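Protein chains in written order, with the numbering used here: chain A, 119 to 369; chain B, 251 to 579.
Backbone N, C-alpha and C fix where the C-beta goes; we use that ideal spot for every residue, glycine too.
Because the structure is a prediction, the values reported are computed rather than measured.
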C-alpha cells in the first residue's frame with residue numbers, strides 16, 4: 119500500500135537518509151529501529167509526506183504521495199511527529215476530537231468514535247483533564263487516541279510510547295498492532311524487544327542506510343546489533359514466546 | 251460562555267454611552283440620548299450637544315471599539331500561528347512598521363494624508379514586515395527569535411518615525427505623541443469609513459481560520475497530518491493581522507498592550523477554542539481600549555493624556571496581576 123523507491127534526504131552536505139527502499143503491505147506492522155542519528159525520524163517523516171525526499175519516489179496506493187493534497191492525505195494516513203507538544207489548554211477529549219477533523223464533512227457518530235478511541239488506550243478517566251496537566255506518558259496516550267480517532271488505513275508514529283511505563287508501552291503497542299489488522303502501522307521504536315514483540319518486520323537503520331529489513335527473528339542478530347549500536351549485544355530465543363530476546367552484555 | 255460574551259457586550263455598550271457623555275463638555279444621559287436622536291433628524295437637541303456627539307465623540311468611540319477589537323483579533327491570530335503568547339502586532343514590530351508607513355505616506359501628500367492613503371501605507375508596510383519577519387524566523391522554529399526580531403525592528407521603526415516627524419517639522423505631519431503613544435483625538439468619519447471595512451475584513455479572515463488555528467496548537471506536523479494547510483493559514487493570518495493593524499494605526503497611531511492583554515484575558519474566560527476565543531478577545535480588547543480612552547480624556551481634563559500611556563498603565567498592572575496569579579503564560 120505504501121512504497122518507497124530509493125528515497126534519500128540530503129541537507130547541506132549531509133546525507134541523512136540514503137537511497138532507502140521499502141514496500142509496505144496492507145495490514146503490516148513495521149518498526150523502524152536503529153541508534154540515535156540513524157535517520158529514523160527523517161525516514162518516517164518522508165513516508166508520512168511531512169518531508170519531501172531530495173531524491174526518490176514514494177507512492178501511497180497507486181498515487182505519488184507528493185501529488186496527494188493535504189486533506190486527501192489526512193484521510194489516508196495519520197502521522198504522530200516526535201515529541202509532540204500542545205500549546206493551548208485543550209482537554210484530552212478536545213485533542214482526540216481533533217482527529218476527526220479530516221472527516222468533518224460526515225459529521226455523524228463523532229462522539230462514539232472519540233469515545234472508542236479513548237477507551238482503546240484507556241484514557242477515558244482523563245477525558246476532561248487539560249492536556250498540559252498530564253504526564254508525558256498520558257499526553258502520549260492522548261496523541262495515540264487522536265490518531266485512532268483519525269481512523270486512517272495507515273498510521274505513522276515516531277516513538278509513540280515515549281514516557282510510558284512498561285505496561286502502558288506494551289499495551290499501547292498491542293493496541294496499535296491489533297488496529298493493524300485493519301490498518302497498517304509504521305512506527306519508530308527504540309526498544310528492540312518491544313519492537314520485536316509487535317512488529318511483523320523491522321527496518322534496522324544505521325547511518326542513514328538500511329542495515330537489514332525482515333522479520334524480527336531473521337534480522338535481530340548479535341553481531342550486527344553489536345556493530346550498529348557500538349555496545350556488546352546478545353540475541354537469544356525468548357523464553358516465554360516465539361521470537362528473539364535482545365540482551366545487553368557487560369562491555 | 252455565550253452569556254459572558256453577551257454580558258461583556260452589554261458592558262461595552264454601557265461604557266460606549268458613557269464615553270459619549272464625558273469630556274470637556276459633559277452631558278447627562280438624556281442629553282446624550284437627545285443628541286444622538288437629533289443627529290438622525292428625530293427630536294431636537296442643542297446645536298453644541300449634537301455637534302459634540304456626532305462630530306467628535308461618536309466617531310471617536312466607534313473607532314476605539316473597532317481598533318480595540320481589531321488589535322485583539324490580530325493578537326489572537328498571531329498567537330495561534332506562532333503558538334507564542336507574546337506574538338502580537340506591537341511586539342512583532344508590525345504596529346511600528348505601520349506607523350512608519352503612515353508617516354512616509356504623509357511626506358508624499360502635500361495637503362495632509364487622506365484616510366485611504368494612510369490606511370494603505372500603514373497596511374502595506376505592516377504586511378511586508380509581518381511576512382518578512384515570518385520568513386526570517388520560520389526556520390528557527392522558536393518563538394524567541396521571532397519576538398527578538400520583532401522588538402528590534404519595532405524600536406527601529408519607531409525611532410525613524412520620530413526622526414522623520416522631527417526633521418520634517420511640518421504641520422501636515424501628525425504629531426510625535428500621536429505616533430508613539432496613540433490617540434483617538436482626531437478621528438473623523440472619513441477615517442472610520444476606510445478603517446472599518448478593512449478591519450472587519452481582517453477579522454473575517456482570521457475567524458474563518460479558527461478551526462485551523464485550533465489544530466495548529468498540536469504543532470505544525472500534526473496539523474498538516476490532519477489536513478491543515480499550515481503555511482497558507484499562516485500567510486492569510488499574517489496578511490489579515492497586517493491589514494487590521496495598518497488600518498488601526500492610520501486612525502489612532504501606535505497602541506501597544508491591547509493585542510497582548512486581550513487574548514491573554516480572554517483565553518481564561520473562553521478557553522482555547524479559537525471560535526470562542528476570538529469574539530471574547532475582541533470584546534475585551536474593545537472594552538479595555540474604550541476604558542483607556544475615557545480615562546485619557548478625563549484623568550487630567552481638559553488636557554488629554556495619550557491613550558497608549560493609559561492602556562499601558564492599566565494593561566501593565568493587569569498583566570502583572572494575571573502572571574502573579576497563574577504560573578503559566
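6 Å CB neighbourhood of residue i in its chain, flanking five on each side removed
{"i": "residue 569(B)", "result": "511"}
{"i": "residue 493(B)", "result": "373, 448, 452"}
{"i": "residue 507(B)", "result": "561, 562, 565"}
{"i": "residue 306(A)", "result": "150, 158, 162, 276, 277"}
{"i": "residue 427(B)", "result": "556"}
{"i": "residue 347(B)", "result": "375, 376, 379, 407"}
Those residues which DSSP pairs with residue i across a bridge
{"i": "residue 129(A)", "result": "132(A)"}
{"i": "residue 181(A)", "result": "178(A)"}
{"i": "residue 319(A)", "result": "148(A)"}
{"i": "residue 248(A)", "result": "209(A)"}
{"i": "residue 327(A)", "result": "324(A)"}
{"i": "residue 364(A)", "result": "353(A)"}
{"i": "residue 141(A)", "result": "121(A)"}
{"i": "residue 503(B)", "result": "Per DSSP, none; premise fails for residue 503(B)."}
{"i": "residue 332(A)", "result": "320(A)"}
Collapsed DSSP secondary structure at residue i in the structure displayed
{"i": "residue 153(A)", "result": "coil"}
{"i": "residue 240(B)", "result": "Only positions 251 to 579 of chain B appear in this structure, which leaves residue 240(B) out of reach."}
{"i": "residue 367(B)", "result": "helix"}
{"i": "residue 119(A)", "result": "coil"}
{"i": "residue 197(A)", "result": "strand"}
{"i": "residue 254(A)", "result": "helix"}
{"i": "residue 476(B)", "result": "coil"}
{"i": "residue 169(A)", "result": "coil"}
{"i": "residue 219(A)", "result": "helix"}
{"i": "residue 542(B)", "result": "helix"}
{"i": "residue 411(B)", "result": "helix"}
{"i": "residue 523(B)", "result": "coil"}
{"i": "residue 508(B)", "result": "helix"}
{"i": "residue 359(B)", "result": "coil"}
{"i": "residue 353(B)", "result": "helix"}
{"i": "residue 266(B)", "result": "helix"}
{"i": "residue 417(B)", "result": "helix"}
CA nearest to the CA of residue i, picked from the options
{"i": "residue 323(A)", "options": "162(A), 301(A), 147(A), 120(A)", "result": "162(A)"}
{"i": "residue 434(B)", "options": "256(B), 289(B), 561(B), 281(B)", "result": "561(B)"}
{"i": "residue 212(A)", "options": "281(A), 231(A), 369(A), 158(A)", "result": "231(A)"}
{"i": "residue 339(B)", "options": "366(B), 289(B), 396(B)", "result": "396(B)"}
{"i": "residue 542(B)", "options": "415(B), 269(B), 341(B), 263(B)", "result": "269(B)"}
{"i": "residue 283(B)", "options": "303(B), 273(B), 418(B), 416(B)", "result": "303(B)"}
{"i": "residue 528(B)", "options": "291(B), 293(B), 318(B), 313(B)", "result": "318(B)"}
{"i": "residue 184(A)", "options": "169(A), 196(A), 132(A)", "result": "169(A)"}
{"i": "residue 437(B)", "options": "549(B), 368(B), 508(B)", "result": "368(B)"}
{"i": "residue 290(B)", "options": "305(B), 279(B), 276(B), 278(B)", "result": "305(B)"}
{"i": "residue 336(B)", "options": "315(B), 394(B), 403(B)", "result": "394(B)"}
{"i": "residue 321(A)", "options": "315(A), 312(A), 337(A)", "result": "337(A)"}
{"i": "residue 272(A)", "options": "133(A), 139(A), 144(A)", "result": "144(A)"}
{"i": "residue 444(B)", "options": "402(B), 281(B), 325(B), 313(B)", "result": "313(B)"}
{"i": "residue 140(A)", "options": "290(A), 122(A), 237(A), 335(A)", "result": "122(A)"}
{"i": "residue 178(A)", "options": "285(A), 367(A), 119(A)", "result": "119(A)"}
{"i": "residue 191(A)", "options": "208(A), 201(A), 203(A), 167(A)", "result": "167(A)"}
{"i": "residue 180(A)", "options": "318(A), 235(A), 245(A), 194(A)", "result": "194(A)"}
{"i": "residue 275(B)", "options": "378(B), 365(B), 301(B)", "result": "301(B)"}
{"i": "residue 325(A)", "options": "135(A), 129(A), 262(A)", "result": "135(A)"}
Endpoints, the alpha helix (DSSP H) within which residue i is located
{"i": "residue 282(B)", "result": "279-289"}
{"i": "residue 347(A)", "result": "340-347"}
{"i": "residue 574(B)", "result": "557-575"}
{"i": "residue 326(B)", "result": "308-332"}
{"i": "residue 441(B)", "result": "439-458"}
{"i": "residue 425(B)", "result": "Premise fails: residue 425(B) is in no alpha helix (DSSP H) and is neither H nor E."}
{"i": "residue 282(A)", "result": "Note, residue 282(A): premise wrong, no alpha helix (DSSP H); not H, not E."}
{"i": "residue 237(B)", "result": "Nothing in the structure corresponds to residue 237(B), since chain B is present only between 251 and 579."}
{"i": "residue 229(A)", "result": "228-239"}
{"i": "residue 276(B)", "result": "Looking at the DSSP string, residue 276(B) is not in any alpha helix (DSSP H), and its letter there is neither H nor E."}
Residue range of the unbroken beta strand (DSSP E) whose run includes residue i
{"i": "residue 305(A)", "result": "302-306"}
{"i": "residue 276(A)", "result": "272-276"}
Close beta carbons around residue i, own chain, < 7 Å, minus the five adjacent residues each side
{"i": "residue 459(B)", "result": "483, 486, 487"}
{"i": "residue 308(B)", "result": "270"}
{"i": "residue 293(B)", "result": "284, 287"}
Heavy atom of the ligand SAM within 8 Å of residue i beta-carbon
{"i": "residue 271(B)", "result": "Absence of the ligand SAM from the depicted structure is noted, as is the absence of any ligand whatsoever, leaving it without description."}
Within chain E, partners of residue i - CB distance below 7 Å
{"i": "residue 522(B)", "result": "Reference to chain E is not applicable here, since the protein chains of this structure are A and B."}
Sequence-distant residues of its chain with Cβ nearer than 8 Å to residue i (five each side left out)
{"i": "residue 351(A)", "result": "340, 343, 344, 364, 365, 366, 367"}
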